[in-house]
Amino acid sequence: MPKRMEADSIVTTETSPAPSDSQRLAALKQAVGEVMLRDAERLERRLAGLSRRLRDNKPISRGLQEVQREISRARQQLSQREAQQVTLNYPPDLPVVERREDILNAIRDHQVVVVAGRPVPAKPPSYLRCAWSWGEVAGA
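Note that the sequence shown covers residues 2 to 141 in the numbering used here.
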C-alpha cells in the first residue's frame, strides 16, 4: 500500500517523486492567502527568508515544516473567528438607523461624509460601526 505524505495541498505517494523544496515553498506561498492579514505578513517574511536560503542552496525542510504548521494553525484560528462572528442589531428608532439608506448612499457616492444631528448617547464611531454592520460599505 502506498504511503501518503501531505504537504499542505501537495499529496504524493511512494510511486511518485516527493515534492521538491521549491514546490513545497510555492504551495505554502499560495496558502498564505488563506489566513488573516496579521498572520500573512509574518508568514510571507518567513517564506521570503526560506526562498533566500533555497537560492543559496541551504537546507529549508525544517523551516518549511514550521511554516506549514503555522499556516494550519492560522487557518484554524480564522475558521474559529469566522464561526464566532457577532451580528449587530440596533434599535430601529436610532436616528442613524432611520436614515440608513441615506447614509449608505452618501458613503457610496462620496469620499467624505459628515453625519450631524441632535446629540444622542451614541458615540460618533457608532455611525461607522452601523454602516459596516449593514455590510454595504465599499470594501466590507
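Just so it is clear, CB atoms sit at the ideal spot from N, CA and C, and this is done for glycine as well. Since we're looking at a predicted model, the values are computed, not measured.
Practice task
Consult DSSP for Ile-61 and reduce its assignment to one of helix, strand or coil.
Solution key: Residue state, collapsed to three classes: coil.
Practice task
Would you tell me roughly how many angstroms separate the C-alpha atoms of Pro-96 and Ala-117, rounded to the nearest one?
Solution key: CA-CA distance, Pro-96 to Ala-117, rounds to 10 Å.
Handout entry: Contact check, Val-36 vs Ile-61, beta carbons under 8 Å
Key = Contact: no.
Practice task
Could you check the C-alpha separation between Ala-141 and Ala-28 for me, to the nearest Å?
Solution key: Any answer about Ala-141 is weak, because its pLDDT of 44 lies below 50 and its placement is not dependable; what the coordinates show is given next. Cα-Cα distance, rounded: 28 Å.
Handout entry: Straight-line Cα distance separating Asp-40 from Ala-75
Key = 7 Å
Problem - Residue burial classification, Leu-38 (beta-carbon count within 10 angstroms, cutoff 16) - result: exposed
Problem - Span of the alpha helix (DSSP H), counted from its first residue to its last, around Arg-50 - result: A small correction: the amino acid at residue 50 is Gly; Arg does not occupy that position in the sequence shown. Element bounds for Gly-50: 38-56.
Exercise for the section: For the alpha helix (DSSP H) holding Gln-24, just list the boundary residues, first then last. Expected result: 22-32
Practice task
Grab me the residues of Leu-79's own chain with a C-beta within less than 7 Å of its C-beta, minus the 5 sequence neighbours each way, in chain order.
Solution key: Val-36 and Met-37
Practice task
Look up Asp-110 in the DSSP assignment and say whether it is helix, strand or coil.
Solution key: helix
Handout entry: Rounded separation between Gln-69 and Val-87 - CA only
Key = 30 Å
Exercise for the section: Alpha carbon to alpha carbon, how far is Ala-84 from Asp-110? Give it in angstroms, no decimals. Expected result: Those two C-alpha atoms are separated by around 32 Å.
Exercise for the section: Determine the direct distance from the alpha carbon of Arg-46 to that of Thr-14, and round the result to whole angstroms. Expected result: Model confidence at Thr-14 stands at a pLDDT of 45, short of 50, so the residue's coordinates are unreliable and nothing is read from them.
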